[in-house]
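Positions 4 to 668 (the working numbering) are the ones given, in order, by the sequence shown. Cβ coordinates follow ideal geometry from the N, Cα and C atoms, glycine included. Computed from a predicted structure; not experimentally measured. Data block below; observations after.
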Amino acid sequence: MNNPSPVAVLLLTLPLCACFSREAPQILWASDPIRPGETLLLTGEGFTSNSVVELSDAGAAESWTALTVVQRGAQSLKAVLPDSRPLDAWACRVREGERVSKVEWLNEPAVWWWNGDGGAFATPGGGLRVFGKSLCFGGQSRARLRAADGASVELLPRESSCYALAFALPEGLAPGEYALSVNNGLRGEAAWQSGGAVTVRPRAVWKSDLFNVKDFGPKPAEALAAALKAAATNGGGVVYLPRGRYAVKDTLTIPSNTVLRGEAMALTSLYWPDFEKPPAELITGSDCGIESLSLYCQQHRNVISDTPASKRFFARQVRIRANCYFMIEDVGKEFRGRKGPASHKECGAAVLLRGSNFEVTDCDLYASNYGVRILKGKTGLVARNQIRYGGRGYSIENAERVIFEENLVEGNNLLAIGNDITTFWSNFCCHLYFAKNRVRQMFGADREMMTLDAAGGAYFGAVAAAEGTRLTLAADPAFKDYAPKPHTNWAGAAAQILSGTGAGQYRLVTAHAGREWQVDRPWEVAPDATSRLSIAPFRGQSLFIGNAFEDGGAFQLYAAAHDSVVAENKGARMDGFLVWGLNPHGWGYQPSWYCQFLDNEILEGNGYGHRSASFGTVGSDETKAFGGALVRGTIFRRNVLHNNARFSIAGSTEDTLVENNTVKN
């Protein structure tokens with residue numbers, strides 16, 4: 004096909020009930036952001052063949068207009084918004100005779116999380132970044148911070164998009180707890196939406212006393228150790244390494260409140276011997292920093308690592324050359340007196356992050372195995388780095404509120420495999436902003452450009468009772484993950500109704516004992532005897548915006564992905580953009596609901612050899628114990644497939660909308 008052709012497809016597999024509901028219909032989810040002329044998908048409960056979808060600019064009684072409904076089901080409705088209306092935030096409801104649902108506002112700002120310049124807090128004169136959807140539509144978005152005494156300050160963004168806002172805070176902003184609200188410019192003053200509580204406090208100031216390593220003797224290794232010890236005795240400071248090369252024999256532990264600083268990345272270098280059995284880390288510490296230097300090593304585990312207890316760690320303008328096969332001709336064979344490991348997998352990461360409020364910026368990393376590995380890290384920033392790797396470029400496990408942006412992630416090994424965001428031994432990995440990265444050149448194993456991954460689950464079955472936030476299971480939970488002894492604390496996991504009454508809702512687990520479980524908020528439609536519940540890891544509410552993917556496998560939301568947005572990305576010579584619903588290994592049902600693929604492009608659809616790129620959904624149930632939909636409410640809108648690419652909507656899928664896309668060649 005040589006000429007572009009718009010594609011609009013609606014799929015529906017839900018049964019339709021012709022009878023009237025005794026209760027008012029309920030809307031559980033609405034597909035926004037949405038523009039005039041586009042199709043609105045509503046999921047909910049109590050819809051019938053007589054359901055009417057109504058729209059209003061103001062929500063006033065006299066202003067409701069019935070929309071053209073193009074598909075109806077017991078738990079979903081699809082209706083077209085008039086293309087004659089200007090873009091706005093609209094009130095929406097479903098009518099059954101005299102019974103009407105609650106009002107659902109479309110295109111109102113939804114704040115999912117925020118990060119401050121201090122990570123979990125913002126500082127006076129610092130910055131605040133807000134993430135979610137429908138945050139800006141090209142007009143003037145705003146934020147407001149309201150103190151407990153009612154005083155408030157209004158902020159205008161220095162950067163804005165539909166999915167992220169960045170604000171500078173006034174220098175004189177008083178420390179304290181503030182209520183955050185956001186306005187996206189639609190509906191004027193009526194459209195302020197809560198964004199939760201923001202903590203503002205000054206950042207702890209570390210001592211600036213300078214400890215010049217050359218003042219501590221002529222032997223570099225001994226002088227560096229002495230300077231670090233002096234900084235520790237002082238309660239912190241700056242350990243300064245002037246221009247030169249410094250031999251290091253073992254692990255360097257940076258004292259708390261201390262910065263290890265070189266003269267410049269190009270002028271100062273540290274190097275380690277070729278260990279036969281390298282230490283766990285070459286540089287480590289809590290509440291410390293490293294900047295403006297280069298690190299060289301051969302046989303290694305982790306090069307730089309913070310600790311789980313760290314509350315502030317940074318690496319800025321650090322170059323790492325970690326090559327376990329330096330000056331070796333062939334893996335596993337000695338060459339001129341050197342023999343590297345049997346596999347690069349014996350190595351660790353260039354940078355391992357396990358604490359909170361971390362920052363890795365403007366670094367140049369070359370790693371035998373992992374480039375950047377995040378394990379249980381929180382409220383961190385990884386930005387503007389070059390990450391070249393032999394195993395995985397990035398691996399993010401059990402992280403939350405992490406910004407990963409403007410990085411180059413490039414495989415530098417013919418065996419370099421893909422990258423992952425996972426819950427192998429945990430319950431959640433969510434609230435990630437993955438934006439403006441260039442990810443390229445991976446040909447080993449599954450080659451994922453990005454995958455949400457890891458099997459696991461705690462329960463699948465019926466519900467005995469549900470009242471408020473209390474949930475009683477009809478049978479005992481069965482905990483499964485990749486560990487020999489699976490973990491048994493499932494706080495943070497998603498409890499999700501797969502089918503029956505209330506299907507399409509999920510809540511996050513807050514506590515549990517035996518069959519008694521607590522969730523974070525009550526169900527809008529409580530499950531009953533017809534409902535089937537799954538408790539599995541939560542890998543949702545993440546944003547993948549404006550990235551470039553080249554020469555690799557798929558970008559895939561590989562299950563357990565609720566309310567995630569994949570927008571404005573470009574792909575070339577890859578396997579495309581996919582969303583999965585799975586029961587991997589039979590360990591737990593991991594659906595994906597309400598994921599949106601908006602304004603993406605496949606520039607070159609040819610992949611590797613026989614492979615070609617696609618946008619699509621995939622469902623898989625290894626045990627065949629359920630049989631229902633595992634992918635629900637997926638939106639593919641305004642994507643462009645330039646050549647040799649396709650849409651593929653596979654089984655176990657309900658309510659997928661493919662609209663206003665362009666397929667060429």
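Which of helix, strand or coil DSSP assigns to alanine 125: strand
Candidates Phe482, Gly49, Tyr166 and Phe431: closest to glutamate 99 by CA position: Of the residues Phe482, Gly49, Tyr166 and Phe431, the one whose Cα lies closest to the Cα of glutamate 99 is Gly49.
Glycine 608 and asparagine 647 closer than 8 Å at C-beta: yes
Length-filtered (4 minimum) alpha helix (DSSP H) runs lying within the region 74-147: none
Proline 2 vs serine 137 beta-carbon contact at 8 Å: Coverage of the chain is limited to positions 4 through 668, which leaves residue 2 absent and any answer about it impossible.
Alpha-carbon to alpha-carbon, phenylalanine 482 and glycine 128: Rounded to the nearest angstrom, the two C-alpha atoms are 47 Å apart.
Distance CB(phenylalanine 629)-CB(arginine 535) smaller than 8 Å: yes
Short Cβ contact (8 Å threshold) for arginine 132 with leucine 168: yes
Limits of the beta strand (DSSP E) - the one that threonine 236 falls within: Where threonine 236 is concerned, there is no enclosing beta strand (DSSP E), although the alpha helix (DSSP H) it sits in stretches over 223-237.
For phenylalanine 50, the three-state DSSP class (helix, strand or coil): coil
Histidine 2 - DSSP class collapsed to helix/strand/coil: Residue coverage of the chain in this structure runs from 4 to 668, which leaves residue 2 outside it and unanswerable.
Residue from His490, Leu418 and Asp578 with nearest C-alpha to methionine 453: Comparing Cα-Cα distances from methionine 453 to each of His490, Leu418 and Asp578, the minimum goes to Asp578.
Beta-carbon gap between glutamate 413 and arginine 395 smaller than 8 Å: no
C-beta atoms of glycine 622 and glycine 459 nearer than 8 Å: no
Where the beta strand (DSSP E) containing leucine 585 begins and where it ends: Unbroken beta strand (DSSP E) run through leucine 585: 579-586.
Top-ranked residue by Cα proximity to glutamine 599, from Arg640, Leu455 and Asp120: Of Arg640, Leu455 and Asp120, the residue nearest in Cα terms is Arg640.
Per-residue burial, alanine 250 [other beta carbons within 10 Å of its own, 16 or more giving buried]: exposed
Strand pairing of arginine 264, partner residues [DSSP]: Tyr243 and Glu294
Candidates Gly135, Ser34 and Pro178, of which the one nearest threonine 126 by Cα: Pro178
First through last residue of the beta strand (DSSP E) which encompasses proline 344: No beta strand (DSSP E) holds proline 344; DSSP gives it neither H nor E.
Span of the beta strand (DSSP E), counted from its first residue to its last, around glycine 464: 462-464
Separation of lysine 222 from leucine 384, as counted between CA atoms: 36 Å
Whole-number beta carbon distance between asparagine 416 and glycine 393, since they are thought to touch under 8 Å: A Cβ-Cβ distance of about 4 Å is found for the pair glycine 393 and asparagine 416, placing them in contact under the 8 Å criterion.
Cβ separation of leucine 476 and tyrosine 485, assumed to be a contact under 8 Å, to the nearest whole Å: Leucine 476 to tyrosine 485, Cβ: 23 Å. No contact.
Residues bridged to glutamine 389 (per DSSP): Asp367 and Leu411
8 Å Cβ shell around methionine 268 - same chain, five flanking residues per side excluded: Ser295, Leu296, Ser297, Gln320, Val321, Arg322 and Asp367
Sub-8 Å separation of asparagine 186 and serine 144 beta-carbons: yes
Segment contact, 8 Å Cβ cut-off, at least three pairs: the region 440-455 with the region 465-474: no
Beta strand (DSSP E) segment containing proline 160, residue limits: Run containing proline 160: 160-163, per the beta strand (DSSP E) assignment.
Exposure of arginine 339, with buried meaning 16 or more beta-carbon neighbours within 10 Å: exposed
CB-CB length for glycine 130 against phenylalanine 170, believed under 8 Å: The beta-carbon separation of glycine 130 and phenylalanine 170, rounded to 7 Å, stays under the 8 Å limit for a contact.
Nearest residue (CA-CA) to arginine 635, options Asn603, Ala312 and Ser567: Ser567
Selected residue, minimal CA-CA separation from lysine 488, among Trp428, Gly503 and Ile406: Trp428
Whether glutamate 279 touches glutamine 302 by CB criterion (8 Å): yes
Best match in Gly374, Ala234 and Ser272 for proximity to alanine 260 [C-alpha to C-alpha]: Alanine is not the amino acid found at residue 260; the sequence shown has asparagine there. For asparagine 260, the nearest C-alpha among the options comes from Ala234.
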